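K.L.:
Protein sequence lines correspond, in order, to chains A and B. Counted the way the numbering used here counts, the first sequence spans residues 8 to 208. Counted the way the numbering used here counts, the second sequence spans residues 8 to 208. All C-beta atoms in this analysis are idealised placements derived from N, C-alpha and C, irrespective of residue type, glycine included. Keep in mind the model is a prediction, meaning the values are calculated, not measured. Handing you a structure now.
2 protein chains.
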Amino acid sequence: MTSVRPGRRGRRPGSPDTRAAILAAARERFAEVGYAGTTIRAVAAAAGVDGALVHHYYGSKDDLFLAALELPVDPREVLAEAVVSGDRDDAGERLVRTFLAVWDDPDNQPALIALVRRVLEPGGEPLLRDGFLPVVLVPIGERLGIDRPELRMPLLASQVLGLITLRYLVVVEPLASMDADALVAAYAPVVQRYLTGPLPG
Amino acid sequence: MTSVRPGRRGRRPGSPDTRAAILAAARERFAEVGYAGTTIRAVAAAAGVDGALVHHYYGSKDDLFLAALELPVDPREVLAEAVVSGDRDDAGERLVRTFLAVWDDPDNQPALIALVRRVLEPGGEPLLRDGFLPVVLVPIGERLGIDRPELRMPLLASQVLGLITLRYLVVVEPLASMDADALVAAYAPVVQRYLTGPLPG
DNA sequence: GTCTATAAATCGATAGAC
DNA sequence: GTCTATCGATTTATAGAC
Numbered sequence: 008m009t010s011v012r013p014g015r016r017g018r019r020p021g022s023p024d025t026r027a028a029i030l031a032a033a034r035e036r037f038a039e040v041g042y043a044g045t046t047i048r049a050v051a052a053a054a055g056v057d058g059a060l061v062h063h064y065y066g067s068k069d070d071l072f073l074a075a076l077e078l079p080v081d082p083r084e085v086l087a088e089a090v091v092s093g094d095r096d097d098a099g100e101r102l103v104r105t106f107l108a109v110w111d112d113p114d115n116q117p118a119l120i121a122l123v124r125r126v127l128e129p130g131g132e133p134l135l136r137d138g139f140l141p142v143v144l145v146p147i148g149e150r151l152g153i154d155r156p157e158l159r160m161p162l163l164a165s166q167v168l169g170l171i172t173l174r175y176l177v178v179v180e181p182l183a184s185m186d187a188d189a190l191v192a193a194y195a196p197v198v199q200r201y202l203t204g205p206l207p208g
Numbered sequence: 008m009t010s011v012r013p014g015r016r017g018r019r020p021g022s023p024d025t026r027a028a029i030l031a032a033a034r035e036r037f038a039e040v041g042y043a044g045t046t047i048r049a050v051a052a053a054a055g056v057d058g059a060l061v062h063h064y065y066g067s068k069d070d071l072f073l074a075a076l077e078l079p080v081d082p083r084e085v086l087a088e089a090v091v092s093g094d095r096d097d098a099g100e101r102l103v104r105t106f107l108a109v110w111d112d113p114d115n116q117p118a119l120i121a122l123v124r125r126v127l128e129p130g131g132e133p134l135l136r137d138g139f140l141p142v143v144l145v146p147i148g149e150r151l152g153i154d155r156p157e158l159r160m161p162l163l164a165s166q167v168l169g170l171i172t173l174r175y176l177v178v179v180e181p182l183a184s185m186d187a188d189a190l191v192a193a194y195a196p197v198v199q200r201y202l203t204g205p206l207p208g
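This is how it looks when you write it as structure tokens:
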């Protein structure tokens with residue numbers, strides 16, 4: 008897991024990369040029990056170090072959380088590229104498939120789950136309301152050239168968030184165990200409807 | 008709010024119904040900041056009493072939470088009656104409309120929001136996974152006579168939970184401000200699809 | 001770079017006076 | 001029935017030894 012570089016001169020920066028071990032442990036704790044439920048002590052214990060070291064490297068609990076939330080992917084890039092390029096009548100399928108591909112990648116999951124848990128925790132509302140929705144999702148709708156994106160994208164978000172919540176956080180069967188193809192078959196038509204189908208009013 | 012009965016003999020039970028004031032304050036705190044975020048002291052302060060009184064009336068924090076979760080309605084009765092009686096092709100619309108009617112009632116909202124917040128808090132998963140879904144939702148699907156209810160109802164739940172989350176917890180516009188009719192128009196076709204439409208596999 | 005020791009705040013819960 | 005006082009357990013965070 009830790010790449011040792013024997014030819015290195017001078018003092019080693021940290022031992023076998025304690026810093027990264029702390030961050031990984033923090034991500035898993037945040038994903039497992041949320042921000043409020045995570046204690047610095049538990050993170051330190053999971054990383055096999057003392058609690059003071061966590062503060063030493065990452066400052067306050069808030070700072071550690073921000074560091075743990077650093078996503079391996081830029082959702083704007085990945086989603087926009089996959090969804091906007093191609094036929095608009097298949098955008099729903101591409102969006103669901105891309106979402107699942109990112110979420111099913113074990114490298115991404117802890118940070119993503121921690122992020123969604125934070126959104127659903129009291130006080131985390133702005134992350135979705137003022138962040139992901141207007142900054143990532145609505146612009147995608149605009150670039151797709153659909154009408155009323157500020158209504159269509161929240162409708163879409165309500166379905167995608169519900170799926171994410173049940174599959175990855177609450178772990179409801181059979182949703183949690185279905186493969187990506189089956190989920191795409193189930194959800195793509197609904198997402199497509201929100202993108203280009205009829206609207207109320 | 009408090010019915011005074013002047014002819015009553017003997018010592019009055021509590022003052023102007025402190026017990027109910029504590030419960031109402033607890034409901035609002037649990038709905039506002041969740042179970043973990045709620046402190047006995049904050050409940051007591053909101054009710055204008057001392058913290059020890061809360062323990063005196065309701066025992067532990069868990070007991071208080073259970074008392075605060077007591078729903079004014081039995082979801083099984085309300086949902087089953089509204090959804091099962093009538094044409095199966097309109098069941099989606101009746102389900103969405105009934106859900107919204109219950110949720111938009113100010114008397115129900117604090118307890119319902121507190122309940123969903125608990126579901127979305129780490130450790131609350133069994134409430135939905137082993138409670139609401141198999142006890143309330145799947146039986147409704149069975150009584151409707153649809154095929155594969157154990158797949159259809161989780162699909163349906165993912166959409167309804169997403170709507171509930173965005174409208175009442177995260178408060179995302181325009182979902183939060185739309186009236187029930189507009190929401191029914193937007194979501195009933197999707198819910199109906201999950202009930203009686205095509206499935207993957 | 002890593003740890004011990006501890007400060008300072010807050011929590012749930014209890015005992016007991018009035 | 002209501003409150004004061006307080007215990008004991010946890011928490012984040014810091015200071016400083018090694």
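1. Rounded to whole angstroms, what's the CA-CA distance from Asp186(A) to Gly55(B)? Just pull it up for me.
2. Taking Cβ to Cβ, would you say Val103(A) is nearer than 8 angstroms to Val191(A)?
3. Within the same chain, show all residues whose beta-carbon is closer than 6 angstroms to that of Asn115(B), passing over the 5 residues directly before and after it, in chain order.
4. Can a CB atom of chain B be found closer than 8 angstroms to the CB of Leu206(A)?
5. Check whether chain B comes within 8 angstroms of Gln166(A), counting only Cβ atoms and requiring the distance to be less than that.
6. Indicate whether the contact test is met: 3 or more Cβ pairs, each with one atom in the region 158-165 of chain B and one in the region 166-179 of chain A, closer than 8 angstroms.
7. From Leu151(A), Asp57(A), Met160(A), Asp154(A), pick the residue whose C-alpha is nearest to that of Phe139(A); which is it?
8. Output, in chain order, the set of chain A residues within a Cβ distance shorter than 9 angstroms of Arg200(B).
9. For Leu30(B), which residues of its own chain have a beta-carbon under 7 angstroms away from its beta-carbon, when the five flanking residues on both sides are left out?
10. So Pro129(A) and Gly41(B) are in contact, right, with Cβ under 8 angstroms, and what is the actual spacing, rounded?
11. Between the region 86-94 of chain A and the region 111-126 of chain A, can you find at least three pairs of beta-carbon atoms closer than 8 angstroms?
12. Using only the alpha-carbon positions, how far apart do Val145(B) and Leu119(A) sit?
13. Can you tell me which of Ala33(B), Ile153(B), Val197(B) puts its alpha carbon nearest to the alpha carbon of Tyr65(B)?
14. Could you check where the alpha helix (DSSP H) with Ser218(A) kicks off and where it finishes?
15. Quick check on Asp69(A): does DSSP put it in helix, strand or coil?
16. In whole angstroms, what is the alpha-carbon distance linking Leu135(A) and Glu180(B)?
17. Taking only beta-carbon positions, decide if Leu151(A) is within less than 8 angstroms of chain B.
18. Suppose contacts are defined by Cβ-Cβ distances below 8 angstroms. Is Arg125(A) in contact with Leu206(A) by that definition?
19. Can you list, in chain order, the residues of its chain with a C-beta nearer than 7 angstroms to that of Gly148(B)? Leave out the 5 residues immediately preceding and following it.
20. Which of the residues in the region 131-147 of chain A, read from start to end, lie with their CB under 8 angstroms from any CB of chain B?
21. Chain A beta carbons: is any one of them nearer than 8 angstroms to that of Val11(B)?
22. How many Å lie between Pro3(A) and Glu39(B) at the Cα?
23. Can you name the residues of chain B whose CB is closer than 7 angstroms to the CB of Leu162(A)?
24. Taking 8 angstroms as the CB-CB cut-off, is Glu39(B) touching chain A?
P.N.:
Straight from the coordinates:
1. For this step, residue 186(A) is matched to residue 179 along the first sequence. For this step, residue 55(B) is matched to residue 48 along the second sequence. Near 53 angstroms, if we compare the C-alpha coordinates of Gly55(B) and Asp186(A).
2. Taking the first sequence and counting its residues from 1, one reaches residue 103(A) at position 96. Taking the first sequence and counting its residues from 1, one reaches residue 191(A) at position 184. Cβ distance < 8 angstroms, so Val103(A) and Val191(A) count as in contact.
3. What you label residue 115(B) is simply residue 108 of the second sequence in a count that begins at 1. Correct list, in chain order: Pro79, Val109.
4. What you label residue 206(A) is simply residue 199 of the first sequence in a count that begins at 1. So yes, Leu206(A) belongs to the interface.
5. Counting from one through the first sequence, the residue named residue 166(A) turns up at place 159. At least one chain B Cβ lies under 8 angstroms of Gln166(A).
6. yes
7. Looking up residue 139(A) in the first sequence gives position 132. Nearest option by C-alpha distance: Met160(A).
8. The sequence position of residue 200(B) within the second sequence is 193, counting from 1. Those within 9 angstroms of Arg200(B) in chain A are Pro196, Val197, Arg200.
9. Locating residue 30(B) in the second sequence gives position 23, where the first residue counts as 1. Here the set comprises Ala74, Ala75.
10. Position 122 of the first sequence, counted from the first residue, corresponds to residue 129(A). Position 34 of the second sequence, counted from the first residue, corresponds to residue 41(B). Between Gly41(B) and Pro129(A) the Cβ distance is about 5 angstroms, and since that is below 8 angstroms, they are a contact.
11. no
12. Indexing the second sequence from 1 puts residue 145(B) at position 138. Indexing the first sequence from 1 puts residue 119(A) at position 112. Going by the C-alpha atoms only, they are around 29 angstroms apart.
13. As a first step, residue 65(B) must be located in the second sequence, where it is residue number 58. Of Ala33(B), Ile153(B), Val197(B), the residue nearest in Cα terms is Ala33(B).
14. Chain A is shown only over 8 to 208; residue 218(A) falls outside these bounds and no answer can be derived.
15. Stepping through the first sequence from its first residue, residue 69(A) is reached at position 62. Correct three-state label for Asp69(A): helix.
16. Here the question's residue 135(A) lines up with position 128 in the first sequence. Here the question's residue 180(B) lines up with position 173 in the second sequence. Distance between the alpha carbons of Leu135(A) and Glu180(B): 11 angstroms.
17. Within the first sequence, the letter at position 144 stands for residue 151(A). No, because no Cβ of chain B sits closer than 8 angstroms to the Cβ of Leu151(A).
18. Against the first sequence, residue 125(A) aligns to sequence position 118. Against the first sequence, residue 206(A) aligns to sequence position 199. For Arg125(A) and Leu206(A), no; Cβs fall outside 8 angstroms.
19. What you label residue 148(B) is simply residue 141 of the second sequence in a count that begins at 1. Once the five neighbours on either side are set aside, the close Cβ partners of Gly148(B) are Pro156, Arg159, Met160.
20. Glu132, Leu135, Arg136, Leu140
21. Position 4 of the second sequence, counting from 1, holds the residue named residue 11(B). Note that Val11(B) scores 42 on pLDDT, short of 50, meaning its location in the model is unreliable and no value can be drawn from it.
22. Given a span of 8 to 208 for chain A in the structure shown, any question on residue 3(A) remains unanswerable.
23. Numbered from 1 along the first sequence, position 155 holds the residue referred to as residue 162(A). What Leu162(A) touches in chain B: Ala193.
24. Working through the second sequence from its first residue, we reach residue 39(B) at position 32. True, the Cβ-Cβ gap to chain A drops below 8 angstroms.
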